[in-house]
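A quick write-up on the structure given underneath.
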Amino acid sequence: MNLTSERIALLAERLHLPDLPAELPALAEEAAERSWSYAEFAERLLARSAEAADLRAEATLQRLAGFPYRKSLDDFDFAFQPTVSEKQLRELAAGSYLERHENVLLLGPPGVGKSHLAVALGLEACRARHR
Numbered sequence: 296m297n298l299t300s301e302r303i304a305l306l307a308e309r310l311h312l313p314d315l316p317a318e319l320p321a322l323a324e325e326a327a328e329r330s331w332s333y334a335e336f337a338e339r340l341l342a343r344s345a346e347a348a349d350l351r352a353e354a355t356l357q358r359l360a361g362f363p364y365r366k367s368l369d370d371f372d373f374a375f376q377p378t379v380s381e382k383q384l385r386e387l388a389a390g391s392y393l394e395r396h397e398n399v400l401l402l403g404p405p406g407v408g409k410s411h412l413a414v415a416l417g418l419e420a421c422r423a424r425h426r
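Take 296 as the starting number for the sequence shown in my numbering and just add one per residue.
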């Protein structure tokens, strides 16, 4: 590692951008090949760092939530449970109830998928970075 790379790594750490040093060499090479301007290069490097930060934040929220497993609405068999409204659950997954500070209550007998749906809605909330 050369002196410039070391300084970049230290600055990235100081700015809480841990993925920036790893992204830099490949992106710099691509920028040279495609003749990007400095602004284009900086924008793409920061965009990749922001994406990585979003993924880390989502993973942290999921870990802190303590979900027993990973489920999604796409995995749920709405044909098996016709009393469950797919449209209503997709609207809930959009998270508008969170912005309105409303609760969601899932009721039903055992084995109809309440836990599956609760985890799926929770994971969607984590993706949207709700706490």
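Beta carbons are placed, not taken as given, at the ideal position from N, Cα and C, and that holds for glycine. Keep in mind it's a predicted model, so treat the numbers as computed, not measured.
Check, Outcome
"Could you spell out the range, first to last residue, of the alpha helix (DSSP H) harbouring S377?", "Correcting the residue identity first, residue 377 is Pro in this sequence and not Ser. No alpha helix (DSSP H) holds P377; DSSP gives it neither H nor E."
"Roughly how many whole angstroms lie between the Cα atoms of L306 and P363?", "38 Å"
"Thinking C-alpha only, which one of A348, L401, A389 is nearest T378?", "L401"
"Comparing C-alpha positions only, which one of L315, S367, K366 sits nearest to A345?", "L315"
"Do R343 and L310 have their C-beta atoms within less than 8 Å of each other?", "no"
"By alpha-carbon positions, which one of L418, A374, T299 ends up nearest to R358?", "L418"
"Closer than 6 Å by C-beta to N297: which residues in its own chain qualify, once you throw out the five before and the five after it? Chain order, please.", "none"
"Compute the Euclidean distance between the alpha carbons of E386 and A374, then round it to the nearest angstrom.", "18 Å"
"Is the Cβ-Cβ distance between E353 and R424 less than 8 Å?", "yes"
"Where does H427 fall in DSSP's three states?", "Residue 427 falls outside the range modelled here, since the chain spans only 296 to 426, and no answer is possible."
"Among the residues of its own chain, which have a CB less than 8 Å from the CB of I303, if the five just before and after it don't count?", "L315, P316, L319"
"Measuring only the C-alpha atoms, how far is T299 from C421?", "37 Å"
"By the three-class DSSP mapping on this structure, what secondary structure does R351 have?", "helix"
"Tell me which same chain residues have a C-beta within less than 7 Å of the C-beta of H411, skipping the five on either side of it?", "K366, F371"
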